[in-house]
Amino acid sequence: MAEGLNVALVSGGTQGIGFSLVKSLLTKPLSFRVLATYRSSSDLTALKELQVSSEGRLELVEFDASSAEAGENLKLQLDGLGIDRLDLLISAMGVLHNKSMQPERKFEEIQFESFVEVLKVNTVGPAILLKVLKPLLRKSDIPRVAVISAKVGSL
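Numbering (this note's numbering), first residue to last: 183 to 337.
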């Protein structure tokens, strides 16, 4: 299906900026095959709805930046989808809080485990993405990389 299309991967595709970018890339008439990453399968409702209307141009791939196996798992998934190059990488993932942690407002409130989780996702995650995807980006005639963040992706 994706012959001739540019291939884009958007990390953090389940919500916020990442989800908006996925939608935007899919509105370009037959320009992009889009790979959207997600951290948890419980976050997929909106992406699955978008996938149905994407004419086969949207693939969902798991990437949990807090997992040591994330890079290898991503490589395996992309291989399984037949991805042989990547033209655009947009890293838009980030975490500020979740069910088990709240954002700290003062240094006195910093919790070790929460802070390590934020560092894994917001700093190590994009680095792992670049490490894993560099060989695919090098196969593109026009490789582009953007690492973007909002408040949620800050330290």
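Backbone N, C-alpha and C fix where the C-beta goes; we use that ideal spot for every residue, glycine too.
So, at 7 angstroms on beta carbons, what are the nonlocal neighbours of residue 236 in its own chain, with the 5 sequence-adjacent residues on each side left out? If we look at residue 236 and ignore the five residues flanking it on each side, its Cβ neighbours are 208.
In this structure, does DSSP put residue 244 in helix, strand or coil? Under the three-state reduction of DSSP, residue 244 is assigned to strand.
Measure the alpha-carbon distance for residue 327 versus residue 272 and round it to whole angstroms. So the two alpha carbons sit approximately 6 angstroms from each other.
Could you give the residue range of the beta strand (DSSP E) that holds residue 215? 214-220 is the span of the beta strand (DSSP E), which, as asked, contains residue 215.
Measuring straight from C-alpha to C-alpha, what distance separates residue 183 and residue 215? Caution applies to residue 183, whose pLDDT of 44 falls short of 50 and renders its modelled position unreliable; the model cannot decide the point.
For residue 227, count the other beta carbons within 10 Å of its own beta carbon; 16 or more makes it buried, fewer makes it exposed. Which is it? Using a 10 angstroms sphere on the CB of residue 227, the tally of other CB atoms stays under 16, which defines it as exposed.
Paired residues, beta bridge with residue 191 - DSSP: For residue 191, which the question treats as bridged, DSSP gives the partners 217 and 271.
If distances are taken between C-alpha atoms only, which option among 305, 240, 290 and 259 comes closest to residue 213? Of the listed residues, the one whose Cα sits closest to residue 213 is 240.
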